[in-house]
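Residue numbers (our numbering), protein chains in the order written: chain A, 81 to 360; chain B, 81 to 360. Every residue gets a Cβ at the ideal spot worked out from N, C-alpha and C, and that includes glycine. Computed from a predicted structure; not experimentally measured. Structure record follows, encoded as structure tokens.
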């Protein structure tokens, strides 16, 4: 989860995202609209008897914030690990993915985040394995994970003869609140999806600059320069009841742009993103 | 405002309740679902440049809670007065209404609240004033506010000849989270409206007792004993996707019962309450 504004727990219920699932939370910065869903979320997790550990990452101060409300409301009833990010780099490295932080350019210490799936093993061809005399079983797994093996009769079987090339994972770039930055463009290079804030339209460019935010056009320029596949605009000011102007502005620079909506579900593949239609 | 759960500011926008209006906030107790809307609400008021003072009342600890999140998120940009309630009684006495607190019986220090409108002047009969030779002007106001007056010719005019009897104000009783209590029944006597928690149905009576909550039937008994006009049940456990069972249970004891819904608007008069239909 990237950022946790007020009401997140309610949205989780609506989106059927369970409170006991494995997850990590990454907070971009300590402004209320990115943060104030945490106290209620942790309380609900406790109430629903979550047992799994939860990790929360954020700028310096996140620990004090969580301690502050816990001292009044009580501490979470499950293991909670809080990591304060001190500089850019890989902040979480797991089996399936890693997360990198990049300094953003906002009013206070802020980070953009990159979620990068680990490469997955290449496609395994069982018929080729059988042809070369490798029986179904643990040896297949070794081959899939790029180990060459030796059969009982001394025959060496090379992984690369049975398994296709490794497949790279999906990469997602999340800006948080920020002015356009070179660091984020570089870190987000060739992402499958960029989620970028677009607080203002271009007529408020000066105001965006003063408030350390981006316009829709600037977000599109960042996406274009980072050579990403798709761009989703979010964090749009409530001054825009109709967001079409921002979409037009962005699409002039970067065609593959959509605007985020509450409860939107998207499928992300190498080929692009697909918005999954919702019943309602 | 009585209690301020997570997401209150969003509901205020939906209900067209402005962030700069005169208001006071009364928190029943320091559990997240009654409290966690405050940080975001105060932030949004600051963002929208509220200037009017805001008063917040609650049990001991409310001050520490507001200080705790303000130290991370910044202090409100408008005058904020926080009152910690130490015992029952009148906690706010204004021109138009007063608010009383009554100790509730919950897991931690908790209060029920009574909102009582001040009596309003009786109906003024201008034709009677003119008949008795009182010219339109400041003397009329004196008469309306129960002062007798003397005209230039020495005639004394008694207020009671021109103004009907004083009209009593509306009285609303709000339980907060609590087991049924005698103190609340007494304080809520003859309210025009009682808003009472009904966390459980009667089959969970033991559990309600253990958790310092009420069942729908108990809430109805409280309403009946307090001889109120109308009862609204709220704070119903999420275990009830269908609340009709609770309504049936309550109505068997106290007929004038309805169940609260998000964004419900009701008009309260001496004659009863009316749910105002909403456009959607």
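Check: Hey, how far is the Cα of residue 147 of chain A from the Cα of residue 349 of chain B?
Finding: As a working note, residue 147 of chain A is residue 67 in the first chain. As a working note, residue 349 of chain B is residue 269 in the second chain. Near 46 Å, if we compare the C-alpha coordinates of residue 349 of chain B and residue 147 of chain A.
Quiz prompt | Cut-off 8 Å between Cβ atoms - residues of its own chain near residue 124 of chain B, not counting five sequence neighbours on either side | solution = As a working mapping, residue 124 of chain B is identified with position 44 in the second chain. Around residue 124 of chain B: 89, 99.
Query - Own chain partners of residue 230 of chain A with C-beta closer than 7 Å, once the 5 adjacent residues on each side are dropped - result: Counting from one through the first chain, the residue named residue 230 of chain A turns up at place 150. If we look at residue 230 of chain A and ignore the five residues flanking it on each side, its Cβ neighbours are 236.
Next on the checklist: Please list, in chain order, the chain A residues whose beta carbon lies closer than 9 Å to that of residue 153 of chain B.
Outcome noted: Here residue 153 of chain B is taken as the residue at index 73 of the second chain, counted from 1. Within chain A, 110, 111, 112, 115, 116, 145 have C-beta atoms less than 9 Å from the C-beta of residue 153 of chain B, given in sequence order.
Within-8 Å CB hit, residue 119 of chain B to chain A
Taking the first residue of the second chain as position 1, residue 119 of chain B is located at position 39. So, interface residue.
Item to complete: Give a single yes or no on whether residue 216 of chain A has its beta carbon closer than 7 Å to a heavy atom of the ligand GTP.
Response: Here there are no bound small molecules, and the ligand GTP is not part of this structure.
**Prompt:** Are there 16 or more other CB atoms within 10 angstroms of the CB of residue 96 of chain B, so buried, or fewer, so exposed?
**Reply:** Translated into the one-based positions of the second chain, residue 96 of chain B becomes position 16. The residue is exposed, with fewer than 16 neighbouring Cβ atoms inside 10 Å.
**Message:** If you reduce the DSSP assignment to three classes, tell me which class residue 81 of chain B lands in.
**Reply:** Your numbering for residue 81 of chain B matches position 1 in the second chain. In the structure shown, residue 81 of chain B falls within a coil segment according to DSSP collapsed to helix, strand and coil.
So, under 8 Å CB-CB, residue 339 of chain A and residue 326 of chain A are touching, yes? Tell me the CB distance rounded to an integer number of Å. Counted from its first residue, the first chain places residue 339 of chain A at position 259. Counted from its first residue, the first chain places residue 326 of chain A at position 246. Contact between residue 339 of chain A and residue 326 of chain A holds, with the beta-carbon distance rounding to 7 Å and staying under 8 Å.
Q. How about residue 148 of chain A: is its C-beta nearer than 8 Å to some C-beta of chain B?
A. Position 68 of the first chain, counted from the first residue, corresponds to residue 148 of chain A. Against chain B, the CB of residue 148 of chain A has a partner CB under 8 Å away; the residue lies at that interface.
Specify the secondary structure class of residue 209 of chain B as computed by DSSP and reduced to three states. Here residue 209 of chain B is taken as the residue at index 129 of the second chain, counted from 1. Note: residue 209 of chain B maps to helix in three-state DSSP.
**Under the three-state DSSP convention, the category residue 114 of chain A falls into** = Stepping through the first chain from its first residue, residue 114 of chain A is reached at position 34. DSSP, read as helix, strand or coil, puts residue 114 of chain A in helix.
At 7 Å on the CB atoms, spell out the chain B contacts of residue 90 of chain A, in chain order.
On the first chain, position 10 is the one that residue 90 of chain A refers to. Taking the beta carbon of residue 90 of chain A as reference, the chain B residues within 7 Å of it are 87, listed in sequence order.
- Assuming residue 278 of chain A and residue 299 of chain A make a contact with CB atoms under 8 Å, what is their CB distance in whole Å? Stepping through the first chain from its first residue, residue 278 of chain A is reached at position 198. Stepping through the first chain from its first residue, residue 299 of chain A is reached at position 219. Residue 278 of chain A to residue 299 of chain A, Cβ: 5 Å. Contact.
- From residue 152 of chain A to residue 109 of chain B, what distance separates their C-alpha atoms? Counting from 1 along the first chain, the entry for residue 152 of chain A is found at position 72. Counting from 1 along the second chain, the entry for residue 109 of chain B is found at position 29. If I take the Cα positions, the gap works out to 11 Å.
(Q) Can you check which of these residues, B/106, B/121, B/81, is closest to residue 87 of chain A by C-alpha distance? (A) If you number the first chain from 1, residue 87 of chain A lands on position 7. Taking the Cα of residue 87 of chain A as reference, the smallest distance to any Cα among B/106, B/121, B/81 is reached at B/121.
Secondary structure of residue 333 of chain A, DSSP reduced to three states
By 1-based counting over the first chain, the position of residue 333 of chain A is 253. Correct three-state label for residue 333 of chain A: helix.
On a Cα-Cα basis, can you pick out the residue from B/191, B/156, B/293, B/131 that is closest to residue 112 of chain A? One-based indexing of the first chain puts residue 112 of chain A at position 32. Minimum Cα distance to residue 112 of chain A is reached at B/156.
Checklist entry - Would residue 264 of chain A pass as a contact of residue 181 of chain A if the rule is Cβ separation under 8 Å? => result Against the first chain, residue 264 of chain A aligns to sequence position 184. Against the first chain, residue 181 of chain A aligns to sequence position 101. The answer is no: Cβ separation not under 8 Å.
> Straight-line CA distance for residue 240 of chain B to residue 247 of chain B?
Replying inline: Walking along the second chain from the start, residue 240 of chain B turns up at place 160. Walking along the second chain from the start, residue 247 of chain B turns up at place 167. The C-alpha of residue 247 of chain B is placed about 13 Å away from the C-alpha of residue 240 of chain B.
* How many whole angstroms separate the CB atoms of residue 259 of chain B and residue 205 of chain B, which I take to be in contact at a CB cut-off of 8 Å? -> Taking the second chain and counting its residues from 1, the one referred to as residue 259 of chain B is at position 179. Taking the second chain and counting its residues from 1, the one referred to as residue 205 of chain B is at position 125. Not confirmed; about 49 Å, so no contact.
To which residues of the same chain is residue 40 of chain A closer than 7 Å at the C-beta, ignoring the five residues directly before and after it? What is shown of chain A runs 81 to 360, which leaves residue 40 of chain A out entirely.
Name the one or two DSSP bridge partners that residue 295 of chain B has.
Walking along the second chain from the start, residue 295 of chain B turns up at place 215. Note: residue 295 of chain B sits in a beta bridge opposite B/280.
_Along the chain, where does the beta strand (DSSP E) containing residue 201 of chain A start, and where does it finish?_
Indexing the first chain from 1 puts residue 201 of chain A at position 121. Segment: none, residue 201 of chain A is in no beta strand (DSSP E) and carries neither H nor E.
Between which residues of its own chain and residue 133 of chain A is the CB-CB distance below 8 Å, once the five residues before and five after are set aside? The residue given as residue 133 of chain A occupies position 53 in the first chain. The answer, listed in chain order, is 158, 159, 160, 161.
Nearest-angstrom Cα distance between residue 149 of chain A and residue 201 of chain B? By 1-based counting over the first chain, the position of residue 149 of chain A is 69. By 1-based counting over the second chain, the position of residue 201 of chain B is 121. So the two alpha carbons sit approximately 47 Å from each other.
Next on the checklist: With a threshold of 6 Å on Cβ separation, who are the neighbours of residue 345 of chain B within its own chain once the five nearest residues in sequence on each side are excluded?
Outcome noted: Within the second chain, numbered from 1, the residue matching residue 345 of chain B stands at position 265. The residues 356, in chain order, have a CB closer than 6 Å to that of residue 345 of chain B in the same chain once the five nearest residues on each side in sequence are set aside.
Review point. Are residue 253 of chain B and residue 268 of chain B touching if we call contact CB-CB under 8 Å?
Key: In the second chain, residue 253 of chain B corresponds to position 173, counting from 1. In the second chain, residue 268 of chain B corresponds to position 188, counting from 1. In this structure, residue 253 of chain B sits near residue 268 of chain B, with a CB-CB distance shorter than 8 Å.
Applying the criterion that 16 or more other CB atoms from any shown protein chain within 10 Å of the CB defines a buried residue, is residue 119 of chain B buried or exposed?
Translated into positions along the second chain, residue 119 of chain B becomes position 39. Around the CB of residue 119 of chain B, 16 or more other CB atoms lie within 10 Å, so the residue is classed as buried.
* With respect to the alpha helix (DSSP H) encompassing residue 218 of chain B, which residues constitute its N-terminal and C-terminal limits? -> One-based indexing of the second chain puts residue 218 of chain B at position 138. Its alpha helix (DSSP H) spans residues 218-224.
- Message: Please report the straight-line C-alpha distance between residue 313 of chain A and residue 92 of chain A, rounded to a whole angstrom.
- Response: Here residue 313 of chain A refers to the residue found at position 233 when the first chain is read from its first residue. Here residue 92 of chain A refers to the residue found at position 12 when the first chain is read from its first residue. Between the alpha carbons of residue 313 of chain A and residue 92 of chain A lies a distance of about 21 Å.
Chain-ordered neighbours of residue 123 of chain A on chain D, where CB pairs are closer than 7 Å:
Reference to chain D is not applicable here, since the protein chains of this structure are A and B.
task: Provide the residue span of the alpha helix (DSSP H) that contains residue 148 of chain A, from first to last.
output: For the purposes of this step, residue 148 of chain A is taken as residue 68 along the first chain, with counting starting at 1. Membership of residue 148 of chain A in the alpha helix (DSSP H) is indicated by the continuous run 142-153.
Mind checking residue 335 of chain A: buried by the 16 CB within 10 Å criterion, or exposed? Mapped onto the first chain, residue 335 of chain A falls at position 255. With fewer than 16 other beta carbons inside 10 angstroms of its own, residue 335 of chain A counts as exposed.
Next item on the list: Kindly list the residues whose CB is nearer than 8 Å to the CB of residue 243 of chain B, restricted to its own chain and excluding five residues on each side of it in sequence; keep chain order.
Entry: Looking up residue 243 of chain B in the second chain gives position 163. Contacts found: 201, 202, 203, 204, 205, 223, 224, 226.
Could you list which residues in chain A have their beta carbon closer than 8 Å to that of residue 141 of chain B, in chain order?
-> To locate residue 141 of chain B, count along the second chain from 1; it is residue 61. Those within 8 Å of residue 141 of chain B in chain A are 152.
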